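One structure is given below, encoded as structure tokens.
2 protein chains.
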Amino acid sequence: MIKSKIKPGTYIFPLPVVIVGANIEGKANFMTIAWCSVVENKPPMLSISASKGHYTNIGIRENQSFSINIPSEDLIEATDFVGMKSGKEIDKSKFFQVFYGELKNAPMIKEAAINMECKVMNTIDTGKGHEIFIGQVVQAYAEEEYITNDILDISKIKPLIYATGQKSYWNLGNKIGKAWSIGRNYKKK
Amino acid sequence: MIKSKIKPGTYIFPLPVVIVGANIEGKANFMTIAWCSVVENKPPMLSISASKGHYTNIGIRENQSFSINIPSEDLIEATDFVGMKSGKEIDKSKFFQVFYGELKNAPMIKEAAINMECKVMNTIDTGKGHEIFIGQVVQAYAEEEYITNDILDISKIKPLIYATGQKSYWNLGNKIGKAWSIGRNYKKK
Chain A
0 MIKSKIKPGT
10 YIFPLPVVIV
20 GANIEGKANF
30 MTIAWCSVVE
40 NKPPMLSISA
50 SKGHYTNIGI
60 RENQSFSINI
70 PSEDLIEATD
80 FVGMKSGKEI
90 DKSKFFQVFY
100 GELKNAPMIK
110 EAAINMECKV
120 MNTIDTGKGH
130 EIFIGQVVQA
140 YAEEEYITND
150 ILDISKIKPL
160 IYATGQKSYW
170 NLGNKIGKAW
180 SIGRNYKKK
Chain B
0 MIKSKIKPGT
10 YIFPLPVVIV
20 GANIEGKANF
30 MTIAWCSVVE
40 NKPPMLSISA
50 SKGHYTNIGI
60 RENQSFSINI
70 PSEDLIEATD
80 FVGMKSGKEI
90 DKSKFFQVFY
100 GELKNAPMIK
110 EAAINMECKV
120 MNTIDTGKGH
130 EIFIGQVVQA
140 YAEEEYITND
150 ILDISKIKPL
160 IYATGQKSYW
170 NLGNKIGKAW
180 SIGRNYKKK
């Protein structure tokens, strides 16, 4: 097999699918994004990157807070729908059962498997249209059904997986190995 | 079902598993991380976050460049192994077939499905031990076998999926929907 040059692109596989919540003028709004990651563990800090034109960004800037909600695969239609229409066009405040936590202004989705309310610690402009919000997780929420031995269980969460380029959602397969463990089988050729 | 407060944490599901490459004093080194995302599309820009103590970070700072390599599931043992041992302890320069591209100093892994060489555009200190490198993808590489109709095909790439907390690797399941499309079936309750 020969390696070929391909067009420079954002070929990270897999990407998560998360719903970001923010209040705009006191009203909940949500957007679906795949550009979300972890940047720090102590304290827990997450990053999202979103086009500056998004309606949700206005609320994040206004309140310096946002929520990240992890939908299970059974929420696929609602998740995709929220990503199709802007809050500038439609009122998304009633699409989900919304609840608030410690921050009081980061709307969370009861139907989602996991919720994290985040306080903005830093905002970075990419200079090319997107802004990166780095948020510290102030409080997190989940239902018991997603937990096994006090740990959130990905096989119960059944997260949506996003494929860049193909613009499609995929589900999770099976556990294939333990981290910091299966590597012991590796023999350097 | 009742939502319960859980310990604030970094509950993003799924996370990708990528191998980051950098040269340290002219020698290739690699580390495996799950904290990697997309932050911009035009031009393509990616982010990684890694503890400042990592050996690879030294090389990224030195050359202002790094590579991101996407391993397929058949590379699971080597991928995990590279994440277990620091370049401070062992020489990882010969673990993979290494090649260089436009930047000349961002080592890439021939055995990985996809490679992206990145030029550092911004470095952000989280203030708590990690640093975020934002890199622009200068050039990308893939073998024909991972492409369908000119698009990288996640079902052929078979990426590793990381589960935080459970510290385990999972594989991909099936395609369950088209983005910006399946949402049309959603009827607001």
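For the protein sequence lines, the chains are A and B, in the order given.
Numbered according to numbering that gives the first Met the number 0, the first sequence terminates at residue 188, and the numbering increases by one at each position without gaps.
Numbered according to numbering that gives the first Met the number 0, the second sequence terminates at residue 188, and the numbering increases by one at each position without gaps.
For each residue, glycine too, the CB sits at the ideal point set by N, CA and C.
Just so you know, these numbers come straight off a predicted model, no measurement behind them.
(request) For Trp179 (chain A), count neighbouring Cβ atoms within 10 angstroms of its own Cβ and tell me buried if that reaches 16, exposed if not. (result) exposed
(message) At the level of alpha carbons, what is the spacing between Ile67 (chain B) and Asn114 (chain B)?
(response) 6 Å
(message) Let me see if you follow: with CB-CB separation under 8 Å, is Phe132 (chain B) close to chain A or not?
(response) no
(message) Rounded to the nearest angstrom, what separates Leu199 (chain A) and Lys87 (chain A) at their Cα positions?
(response) This structure leaves residue 199 (chain A) out entirely; chain A is present only between 0 and 188.
(request) Pull up the distance between the alpha-carbon of Lys188 (chain B) and that of Ile89 (chain B), whole angstroms please. (result) Below a pLDDT of 50, predicted positions are generally treated as unreliable, and Lys188 (chain B), at 48, falls in that range; no measurement from the model is reported.
(message) Can you list, in chain order, the residues of its chain with a C-beta nearer than 6 Å to that of Ser247 (chain A)? Leave out the 5 residues immediately preceding and following it.
(response) Nothing about residue 247 (chain A) can be read from this structure; chain A reaches only from 0 to 188.
(request) Could you check the C-alpha separation between Arg183 (chain A) and Thr78 (chain B) for me, to the nearest Å? (result) 11 Å
(request) Starting from the beta carbon of Lys87 (chain B), find every residue of chain A whose beta carbon is closer than 8 Å, and list them in chain order. (result) Within chain A, no residue comes near Lys87 (chain B); the closest Cβ sits about 17 Å away, beyond 8 Å.
(message) Buried or exposed, going by whether 16 or more other CB atoms sit within 10 Å of the CB of Thr163 (chain B)?
(response) buried
(request) Taking only beta-carbon positions, decide if Ser48 (chain B) is within less than 8 Å of chain A. (result) Yes - at least one Cβ of chain A is within 8 Å of the one on Ser48 (chain B).
(message) For Val17 (chain A) and Ile160 (chain A), what's the separation of their Cα atoms in angstroms?
(response) Using only the alpha carbons, I get a separation of about 10 Å.
(request) Verify the CB distance criterion: does Asn184 (chain A) have a CB-CB separation below 8 Å to chain B? (result) yes
(message) Alpha carbons only, please: which of B:Lys4, B:Lys41, B:Ile32 and B:Pro7 is nearest the one belonging to Gly126 (chain A)?
(response) B:Lys41
(request) Identify each residue in the region 24-47 of chain B for which the Cβ-Cβ distance to at least one residue of chain A is less than 9 Å, and report them in chain order. (result) Thr31, Ala33, Trp34, Cys35, Ser36, Val37, Val38, Glu39, Asn40, Lys41, Pro42, Pro43, Met44, Leu45, Ser46 and Ile47
(message) If you follow the alpha helix (DSSP H) that Ile260 (chain A) is in, where does it begin and where does it stop?
(response) There is no way to answer for residue 260 (chain A), as the model of chain A reaches only from 0 to 188.
(message) Quick check: is the beta carbon of Val119 (chain B) nearer than 8 Å to any beta carbon in chain A?
(response) no
(request) Taking only beta-carbon positions, decide if Asp152 (chain B) is within less than 8 Å of chain A. (result) yes
(message) Between which residues of its own chain and Asn56 (chain B) is the CB-CB distance below 6 Å, once the five residues before and five after are set aside?
(response) Ala49
(request) Using a Cβ cut-off of 7 Å, pull out every chain B residue sitting near Phe12 (chain A), in sequence order please. (result) Pro15, Ile69, Ile153, Ile156 and Pro158
(message) With three or more C-beta pairs closer than 8 Å as the rule, is the region 126-140 of chain A touching the region 104-114 of chain A?
(response) yes
(request) Spell out whether any CB of chain A is found under 8 Å from the CB atom of Gly82 (chain B). (result) yes
(request) Could you tell me which residues DSSP puts in a beta bridge with Asn28 (chain A)? (result) Asn28 (chain A) pairs with A:Ala21.
(message) Rounding to the nearest angstrom, what Cα-Cα distance links Phe95 (chain A) and Val136 (chain B) in this structure?
(response) 37 Å
(message) Let's see if you can read the secondary structure: which residues bound the beta strand (DSSP E) around Ile40 (chain B)?
(response) Note that residue 40 (chain B) corresponds to Asn in the displayed sequence, not to Ile. Premise fails: Asn40 (chain B) is in no beta strand (DSSP E) and is neither H nor E.
(request) Give the DSSP-derived three-state secondary structure of Leu159 (chain A) in the structure shown. (result) coil
(request) Kindly provide the ranges of any beta strand (DSSP E) runs that are 3 or more residues long and lie completely inside the region 81-139 of chain B, ordered along the chain. (result) 113-124
(request) Under 9 Å between beta-carbons, which chain B residues line up against Asp79 (chain A)? List them in chain order, please. (result) Gly176, Lys177, Ala178, Trp179, Ser180, Ile181, Gly182, Arg183, Asn184 and Tyr185
(message) On the DSSP bridge list, what partners appear for Glu142 (chain A)?
(response) B:Lys2, per the DSSP bridge assignment.
(message) For Tyr168 (chain B), would you say it is in contact with chain A, using Cβ-to-Cβ distances shorter than 8 Å as the test?
(response) Cβ-Cβ to chain A under 8 Å: yes for Tyr168 (chain B).
(request) Would you kindly check if the distance between the Cβ of Lys118 (chain B) and the Cβ of Ser64 (chain B) is under 8 Å? (result) yes
(request) Taking only beta-carbon positions, decide if Ser66 (chain B) is within less than 8 Å of chain A. (result) no
(message) Please tell me whether Ile32 (chain A) and Phe132 (chain A) are closer than 8 Å, where the distance is taken between their beta carbons.
(response) no
(request) At 8 Å on the CB atoms, spell out the chain B contacts of Lys51 (chain A), in chain order. (result) None at all; the shortest Cβ gap to chain B is about 11 Å.
(message) Within 10 Å of its beta-carbon, does Ser3 (chain A) have 16 or more other beta-carbons around it, so buried, or fewer, so exposed?
(response) By the 10 Å Cβ count, Ser3 (chain A) comes out exposed.
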